[in-house]
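Encoded as structure tokens, the structure appears first; notes follow it.
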Amino acid sequence: ETGVTQSPTHLIKTRGQQVTLRCSSQSGHNTVSWYQQALGQGPQFIFQYYREEENGRGNFPPRFSGLQFPNYSSELNVNALELDDSALYLCASSIVSLMYNEQFFGPGTRLTVL
Amino acid sequence: QKEVEQDPGPLSVPEGAIVSLNCTYSNSAFQYFMWYRQYSRKGPELLMYTYSSGNKEDGRFTAQVDKSSKYISLFIRDSQPSDSATYLCAMRGGSARQLTFGSGTQLTVLP
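Just so you know, the protein sequences line up as chains A and B, in that order.
Following my numbering, the numbering of the first sequence begins with 897 at its first residue and continues without gaps.
Following my numbering, the numbering of the second sequence begins with 38 at its first residue and continues without gaps.
Structure (structure tokens):
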């Protein structure tokens, strides 16, 4: 069973640019969530995708958008990058169930905006 | 006020010490309580989760939930240098999609 993978590992962009981050879910998982983790903080929920549809969103502006593909891989797109977007972006996959859905995290993509 | 407040640390203890990590929360809708461990430059990994008030033990780790006080704790017995990491508490409501995390406590266990 393969775990959650993310690419790229590191990324440096300048303010105003656009970026796409990628995530490959753990085998058998049908739900993917994206989190932003600023330095010294806990992860903050951006949004979740289930069956290729956005299934919940945190307090992030529309310039943060995503996609989920039929093979359950996912992308996070951020437009008009701002300095405060510098953070570790984490992808987590899970299987939606009634009681509990453990979220398995990938290693993250560290984005630096200059 | 944040929904989840976590003792910020950093915390430095000698090997073999008992470590206590704590979080408080304000949202009564939270039903699932988790502790994640995050090593430097890695994603969080789940250590323990609990659903109800009380204690849950797994090896050297004990998770404690007190819903009446909105307080959760993680105890690490016989701490080891390999336990050095950032510990994150996380919570979720019954029908909510997302996890709400504390800000993390950085723990260093000195040999």
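The C-beta atom is built at its ideal place from N, Cα and C for all residues, glycine as well.
Annotation: Y73 (chain B) to G936 (chain A) spans about 15 angstroms, alpha carbon to alpha carbon.
Counting along the chain, S49 (chain B) sits inside the beta strand (DSSP E) bounded by residues 48–51. Chain order gives no chain A residues near G130 (chain B), where near means a beta carbon separation below 7 angstroms; the closest approach is about 11 angstroms. Here the alpha carbons of M71 (chain B) and F965 (chain A) stand approximately 29 angstroms from one another.
For G141 (chain B), the C-beta contacts it makes with chain A under 8 angstroms involve G936, Q937, G938, in order along the chain.
Each residue's CA atom was taken as its position, placing G1004 (chain A) and Q135 (chain B) some 17 angstroms apart. Residue state for L125 (chain B) is assigned as strand, using DSSP reduced to three classes. Within chain B, the residues whose beta carbon sits less than 9 angstroms from that of F1001 (chain A) are Y73, Q75, K79, G80, P81, E82, L83, listed in sequence order. By the C-beta criterion, the region 99–108 of chain B is judged to be in contact with the region 76–91 of chain B, since at least 3 inter-stretch pairs fall below 8 angstroms. Using a Cβ-Cβ cut-off of 7 angstroms, F138 (chain B) is close to G938, P939 of chain A, given in chain order.
The three-state reading of DSSP puts L136 (chain B) in coil, since its state is none of H, G, I, E or B. Cβ-Cβ distances below 7 angstroms link Y62 (chain B) to E40, V41, K107, M128 in the same chain, with the five nearest sequence neighbours on each side left out; the list follows chain order. In the DSSP secondary-structure assignment, E42 (chain B) is bridged to B:T61. About 7 angstroms separates the beta carbon of G53 (chain B) from that of S116 (chain B), a gap short enough to meet the 8 angstroms contact definition. Taking 7 angstroms as the Cβ-Cβ cut-off, the region 901–926 of chain A has no residue approaching chain B. For the pair S920 (chain A) and H906 (chain A), the Cα-to-Cα distance works out to about 16 angstroms.
L1007 (chain A) carries a strand assignment under DSSP once its states are collapsed to helix, strand and coil. In the three-state DSSP reduction, L935 (chain A) falls in the coil class, being neither helix nor strand.
Rounded to the nearest angstrom, the Cβ distance from A976 (chain A) to R959 (chain A) is 5 angstroms, consistent with a contact under 8 angstroms.
A straight line joining the alpha-carbon of L984 (chain A) with that of N92 (chain B) spans about 32 angstroms. Annotated as proximal: T137 (chain B) and F67 (chain B), with beta-carbon spacing under 9 angstroms. Closest option to E949 (chain A), judged by alpha-carbon separation, among A:P957, A:Q933, A:S929, A:V915: A:S929.
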